[in-house]
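There are 2 protein chains.
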Amino acid sequence: MKRYAFGFDIGGTNIVCGLVDREGEIIWTRKVPTEAGKGNDHVMAVVANCAEIGLAESGIAAEDVVGIGIGMPGLVDPEQGISVLSSNLHFRNYPVLAKLKELTGMPVCMENDVRMYVYGEAVVGAGRNRRHVFGLTVGTGLATAMVNDGKLYQGGGDFSGELGHVPIEGIDYRCNCGLTGCLETVVSATGLARQAREAVLSGQKTLLADLKQDPAELKAADVSAAYDEGDEVAVTIMHRTGVTLGKALSYVVPLLSPDIIVLGGGVLHAGERFLAPVRETLFERIMPIYRERLELAAAQRNEDAGVIGSASWAFRQFGS
Amino acid sequence: MKRYAFGFDIGGTNIVCGLVDREGEIIWTRKVPTEAGKGNDHVMAVVANCAEIGLAESGIAAEDVVGIGIGMPGLVDPEQGISVLSSNLHFRNYPVLAKLKELTGMPVCMENDVRMYVYGEAVVGAGRNRRHVFGLTVGTGLATAMVNDGKLYQGGGDFSGELGHVPIEGIDYRCNCGLTGCLETVVSATGLARQAREAVLSGQKTLLADLKQDPAELKAADVSAAYDEGDEVAVTIMHRTGVTLGKALSYVVPLLSPDIIVLGGGVLHAGERFLAPVRETLFERIMPIYRERLELAAAQRNEDAGVIGSASWAFRQFGS
Chain A
1 MKRYAFGFDI GGTNIVCGLV DREGEIIWTR KVPTEAGKGN DHVMAVVANC AEIGLAESGI
61 AAEDVVGIGI GMPGLVDPEQ GISVLSSNLH FRNYPVLAKL KELTGMPVCM ENDVRMYVYG
121 EAVVGAGRNR RHVFGLTVGT GLATAMVNDG KLYQGGGDFS GELGHVPIEG IDYRCNCGLT
181 GCLETVVSAT GLARQAREAV LSGQKTLLAD LKQDPAELKA ADVSAAYDEG DEVAVTIMHR
241 TGVTLGKALS YVVPLLSPDI IVLGGGVLHA GERFLAPVRE TLFERIMPIY RERLELAAAQ
301 RNEDAGVIGS ASWAFRQFGS
Chain B
321 MKRYAFGFDI GGTNIVCGLV DREGEIIWTR KVPTEAGKGN DHVMAVVANC AEIGLAESGI
381 AAEDVVGIGI GMPGLVDPEQ GISVLSSNLH FRNYPVLAKL KELTGMPVCM ENDVRMYVYG
441 EAVVGAGRNR RHVFGLTVGT GLATAMVNDG KLYQGGGDFS GELGHVPIEG IDYRCNCGLT
501 GCLETVVSAT GLARQAREAV LSGQKTLLAD LKQDPAELKA ADVSAAYDEG DEVAVTIMHR
561 TGVTLGKALS YVVPLLSPDI IVLGGGVLHA GERFLAPVRE TLFERIMPIY RERLELAAAQ
621 RNEDAGVIGS ASWAFRQFGS
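First to last, the protein sequences are chains A and B.
Heads up: the first sequence begins at 1 in this note's numbering, then just goes up one per residue.
Heads up: the second sequence begins at 321 in this note's numbering, then just goes up one per residue.
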């Protein structure tokens, strides 16, 4: 009997869900607005509704689904099944698992969304067949996760993976977390946009000034666009951002010796413009024993790694 | 029937060994010169001889010993039982396990010495009853290890734990590893002595100039001695060294969320002179979720954590 699991990637804007088989193949998928402003119970109802539609549209019977895996942003308590704090979604100490079990009647498990994303990349993406997978997503913010021999690392209080909140020498932006100079204030889509805006506002001669009438509307994609026109300011911003991440990763590699570092999230759209300085900086700062065996790769399943990861996580919990 | 294991901590100068029970109590212990200059086979013979003496002196029967655990400096391949590279001991791709099994007739396992030290601290020292123990030894060099839920983290190629070899902004000492500015060129006993020597040679007004006729003979302990006399140069050196380590640890905490960081090695002799700036720097650079739960503690079994750790490791492998 072929079995399936539901995987949910709950984001601030959209919920992506899918029915996934044991090999990580997506049989059915759907994307719906999260509508977080309508309240926590509403978001849960949207999830339950997706599951119902998934069964109906795919024709898969409920008894062939081992359970539901949920990836949620922010702090989660997987054992208690609670969303401890998700600022984007306005969740605080909300009993996600209890609510979803009640609504769906299925076994449910949950984890942090970045961990589920990296787990997905470890199972079927760039980290496939590697024992030690270190992954990071660089999008609105920067977060990390680690899968060793197929096991997810959670750390004390389930609080691991916040490399984005290391204060970096020479950066003095205030971070939302309360610290100053955090890595993600520069190394993120938000950070790229911020640097672009500052360059324009400080009167630097750059194409970025022409791309948007209001510099506040500049996006990371604009930096890539100006970069491709040979704009020196854009090249400098992209380079500085990549170098900053490369330096931060030079702590991770000797500490943990991952077999592969998988880089995902929105910043992947910048491609080698961003990856090249990351790689160059990192590889010149690590010992040959690491240099010879480490791979730094772009995520392969950027769009659906979260869904595959959380479904695979459900298989791991319930799919014996 | 009460069972025991041998634990060996093989250092560049001395071999410390002990017979340890399952609770981590040392029943018998001995320290002998390593005599690494006499060759690899000789070092192995010293180890085997220690085991023989241990049985004779303790009166414990060989059949009550589950096996031998070996902690060796440098790169080891625990699965193949090989010392891949230990510069201090002049070992290179030497089959430690095969040789010791032949000489002793007992089951033998091996690991890196710092991992065994941290494992010992996790089992019976400062990390007792903590799920996520991150440990580091700061002595001749700086190395790290991690024990999660009683399991030792090894990483790809068994190469984890080299936080000492992260190049740090603003440090430009050449490191033995080939890189420049590695953390351990400053944060180590060697690094403290180096900074003391440089201060004297550059003509700074300091008590350190009076402690040794030849500045090349200054040791880390001299920095502590001058510090206690209120010597400003010594205070600055100790502070800078502690701050440098605190900054490096501010990468470790959000990345891994350990429950406790255990600090051991020769630098412990500096006590709070060193620990205070480490703690202060680290705690002001991490988010409240970590600040509220993290402990930074001195190792409790600094002298014998390595022996207890490798014996406990042997229990883990052979003591079912």
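Think of the CB as a built atom: it goes at the ideal place given N, C-alpha and C, for glycine as much as any other residue.
All figures in this text were calculated on a predicted structure; none of them were measured in a lab.
Query	Result
Residue environment, Met436/B, which counts as buried when at least 16 other CB atoms sit within 10 Å	buried
Entirely enclosed alpha helix (DSSP H) segments - the segment 563-640 of chain B, minimum 4 residues	592-603, 608-611, 625-638
Pick from Gly425/B, Gly357/B, Gly562/B, Glu552/B that is closest to Arg593/B, judged by C-alpha positions	Gly562/B
Cβ of Leu171/A within 8 Å of any chain B Cβ	Reading off the sequence shown, one finds Ile at residue 171/A, where the question assumed Leu. Output row for Ile171/A: interface = no.
Chain A within 8 Å of Met607/B, Cβ atoms only	yes
Closer than 8 Å to chain A by CB, Tyr277/B	Absent from the structure is residue 277/B, since the part of chain B shown begins at 321 and ends at 640.
Same chain, Cβ closer than 6 Å to Pro73/A, five either side skipped, listed in chain order	Ser86, Asn88, Asp113
Uninterrupted alpha helix (DSSP H) stretches inside the segment 65-124 of chain A (no shorter than 4 residues)	96-104, 113-124
Separation of Ser250/A from Thr244/A, as counted between CA atoms	10 Å
CB contact below 8 Å: Glu162/A versus chain B	yes
Residue-chain proximity (Arg301/A, chain B), Cβ-Cβ < 8 Å	no
Chain B contact for Tyr117/A (CB, 8 Å cutoff)	no
Inter-stretch contact (C-beta, 8 Å, three-pair minimum) for the segment 280-296 of chain A and the segment 596-614 of chain B	no
Cβ-based contacts, 8 Å cut-off: residues of the segment 495-521 of chain B near chain A	Cys497, Gly498, Leu499
Inter-residue Cα distance where the pair is Leu268/A and Ala529/B	55 Å
Contact under 8 Å by Cβ, Leu192/A with Ile237/A	yes
Distance, Tyr119/A Cα to Gly306/A Cα	8 Å
Helix, strand or coil at Gly18/A [DSSP, three-state]	strand
Any beta strand (DSSP E) of 3 or more consecutive residues that is wholly inside the segment 459-495 of chain B	462-468
Per-residue burial, Met430/B [other beta carbons within 10 Å of its own, 16 or more giving buried]	buried
Contact set between the segment 144-161 of chain A and chain B, restricted to residues whose Cβ is under 9 Å from the partner	Thr144, Met146, Asn148, Tyr153, Gln154, Gly155, Gly156, Gly157, Asp158, Phe159, Ser160, Gly161
For Leu136/A, three-class secondary structure by DSSP	strand
Helix, strand or coil at Asp231/A [DSSP, three-state]	coil
Spatial neighbours of Arg653/B in its chain, beta-carbon cut-off 7 Å, leaving aside the 5 residues before and after	Since the displayed chain B opens at 321 and closes at 640, residue 653/B lies outside it and no answer follows.
Within 8 Å, strictly: CB atoms of Gly374/B and Phe326/B	yes
Beta-carbon separation (whole angstroms), Leu456/B vs Leu583/B, contact threshold 8 Å	6 Å
Where the alpha helix (DSSP H) containing Ile26/A begins and where it ends	From DSSP, Ile26/A is part of no alpha helix (DSSP H) but of the beta strand (DSSP E) over 26-33.
Supposed contact pair Val428/B and Val458/B - C-beta distance, whole angstroms, cut 8 Å	Val458/B to Val428/B, Cβ: 29 Å. No contact.
For Asp384/B, the nearest candidate out of Lys532/B, Asn413/B, Lys322/B, Glu615/B (CA to CA)	Lys322/B
Interface residues of the segment 419-435 of chain B facing chain A [CB-CB below 9 Å]	none
Backbone CA spacing between Ala365/B and Gly477/B [nearest angstrom]	28 Å
Which residues DSSP lists as bridging Asp329/B, in chain order	Val336/B, Gly391/B
For Lys219/A, the nearest candidate out of Gly203/A, Ala199/A, Pro95/A, Ser58/A (CA to CA)	Ala199/A
Short Cβ contact (8 Å threshold) for Val352/B with Ile335/B	yes
Beta-carbon gap between Gly71/A and Asp21/A smaller than 8 Å	no
Gly54/A, enclosing alpha helix (DSSP H) - first and last residue	40-58
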